[in-house]
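One structure is given below, encoded as C-alpha cells.
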Amino acid sequence: KQKSGHTSMTSVAVALGPLCPAPSDCRGSVLHHSRQSGALTQIKLSAVDKRKCVSVLEGRLVCFDWDEEGTRPLNVRGMGMESDPISATHWYNRDCVLAAGQATELSLWDTRGKHLRAMDCSDVSTDELGRRIQCITTCGSAADTSIYTGDSSGRVVLWDVRKAGRPVITRQMELGSMLRAGRGGVRTLNIHSRRSKQSMIACVGKALVLLDLRDGLLSEEIEPITIHRDVLPVNTVDVHGDVAVWGSDSGVLGTYSML
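First residue of the sequence shown? That's 248 in my numbering, and the numbers climb one at a time after it.
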C-alpha cells in the first residue's frame with residue numbers, strides 16, 4: 248500500500264522491441280522484444296478508444312491498436328517526422344496525434360499516419376536557459392487549447408496553444424529541486440481525473456510520481472510511487488480509467504492501480 252490508499256502493481260503485460268525498418272513496412276506488424284533494441288520512451292492511450300495507442304519507440308513515432316485481449320499490438324503504423332519525436336499525445340480527444348520533435352517541430356497527425364498540419368513551437372522546444380522539452384500532454388478537454396510540457400530541468404509548464412501563432416506560457420512549476428530523483432528531468436506527464444479531483448502522474452528522474460492539480464496549478468503534494476527496481480528508470484506512463492500503464496528503458500510494459 249502507498250500513501251492515500253494507492254496500491255502498486257507490477258504485472259508485466261507485454262514487451263515491445265525492434266520496429267520494422269521503414270514506416271511503409273509496419274502495417275500489420277507485431278513488435279517483438281529485444282534488450283538490444285531502442286527504448287520504449289513514450290506510450291499514450293486514446294481517451295476515446297482505450298485500444299488505440301501512440302508511442303515513441305526507437306526514435307520513431309508509432310501508432311498501434313491493442314487486440315481484444317489487450318496483450319498484442321496490431322496495425323502498427325510508423326510516422327515520418329523531420330526530426331526524431333520526443334513525445335506524443337492524442338489531441339482534442341479525437342482520432343489525432345500531437346507530437347513534439349527534437350527541434351522546433353510540433354506536428355498534428357491522424358492515427359493512420361497522415362500529416363495534418365504543423366505548428367511553430369520554437370518557444371516550446373527550448374527556452375532561454377537551454378532547457379529541453381522532454382514530454383507533452385493535453386488537458387483532456389475537447390474545448391481546451393492548453394498543453395502541459397515537462398523539461399530536462401524538472402519544470403512543468405502549462406501552455407496555451409492557439410490556432411494561429413506560437414504557444415504562450417500561462418503557468419509553470421519547478422519540480423527538480425523538490426525530488427531527490429529529479430535528475431533526468433520530467434520524462435512524461437499524464438492528467439488523471441477522478442471523483443471531482445484532478446491529479447497528474449509523471450516520470451521525474453527515475454521515479455513514478457503522483458502530483459495534485461488544483462485549479463490548473465500543481466500543488467506541493469508529491470507522492471513517489473515504488474515499483475520494481477529491476478526495470479528502472481521508468482520512461483513513460485499513461486492512465487486509462489484507474490489503471491496507469493508504464494514503460495521502462497528495457498522495453499518492459501507494466502501497470503499501476505490508481506485506486
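All C-beta atoms, glycine included, are put in the ideal place defined by N, C-alpha and C.
Notebook entry, point to check: With DSSP run on the structure shown, which of helix, strand or coil describes Asp314?
Noted result: For Asp314, the secondary structure class from DSSP, reduced to helix, strand or coil, is coil.
Out of Asp357, Ser302, Ile383, which has the shortest C-alpha to C-alpha gap to Arg402? Nearest of Asp357, Ser302, Ile383 to Arg402, Cα basis: Ile383.
Restricting to Cα atoms, I'd like to know which of Trp356, Met447, His439 is closest to Met420.
Nearest option by C-alpha distance: Met447.
For Arg434, is the classification buried or exposed, using 16 other Cβ atoms within 10 angstroms of its Cβ as the cut-off for buried? With 16 or more Cβ atoms within 10 Å of its Cβ, Arg434 is classed as buried.
According to DSSP, is His280 part of a helix, a strand, or is it coil?
Since pLDDT at His280 reaches only 33, below the 50 mark, its modelled position is unreliable, and the value read off the structure follows with that caveat. In this structure, His280 counts as coil in the three-state DSSP scheme.
* **Same chain, Cβ closer than 7 Å to Ile416, five either side skipped, listed in chain order** => Once the five neighbours on either side are set aside, the close Cβ partners of Ile416 are Val404, Trp406.
Nearest CA to the CA of Trp507: which residue from Leu458, Asp459, Asn437?
-> In the structure as shown, the chain starts at 248 and stops at 506, and residue 507 therefore has no counterpart that could be examined.
One question on the structure: do Arg298 and Val309 come within less than 8 Å of each other, judged by their Cβ atoms?
Result no, Cβ atoms of Arg298 and Val309 do not sit closer than 8 Å.
Quiz prompt | CA nearest to the CA of Val303, picked from Arg319, Thr396, Ala335 | solution = For Val303, the closest C-alpha among the options Arg319, Thr396, Ala335 is that of Ala335.
Give me the residue from Thr396, Glu315, Lys361 with the minimum Cα distance to Met326.
Taking only the C-alpha atoms, the option nearest Met326 is Lys361.
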